[in-house]
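Here's the structure, in structure tokens; my notes come after.
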Amino acid sequence: MLNKEQEKWESVSWIQRNFRLGYLTAFKIKEAVEKIRQEEKENMIKVIEGMSMPVGSEGAEKRAYDQAISEIIKELKE
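Taking my numbering, the leading residue of the sequence shown gets 10, the next gets one more, and so forth.
Here it is as structure tokens:
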């Protein structure tokens with residue numbers, strides 16, 4: 010039969026082990042979410058880069074459009 014001191018240390022050890030497992034699990038989830046967010050950004054950049062001006066647009070309108078697209082992509086990359 011365990012004495013009270015042994016029971017105390019075994020319960021502390023169990024709590025510490027579960028805390029570490031919980032912390033590691035939360036850390037892995039955080040990494041996965043960050044990876045998904047980065048992939049979403051990259052996909053958004055590809056879609057935006059693939060967008061084109063409507064037919065017939067030219068001159069200042071096209072330059073403004075191109076500049077706006079460039080700024081959106083720049084913000085997504087940050």
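All residues carry an ideal CB built from backbone N, CA and C; glycine is no exception. Keep in mind it's a predicted model, so treat the numbers as computed, not measured.
Check                                                                                                                                : Outcome
I need the straight-line Cα distance from GLU70 to GLY59, nearest angstrom please.                                                   : 18 Å
Below 8 Å CB to CB, which residues in the same chain sit around ILE54 once its five sequence neighbours on both sides are set aside? : ILE82, LEU85 and LYS86
What's the gap between the Cα of ASP75 and the Cα of THR34?                                                                          : 43 Å
Cα separation between ASN52 and VAL21?                                                                                               : 46 Å
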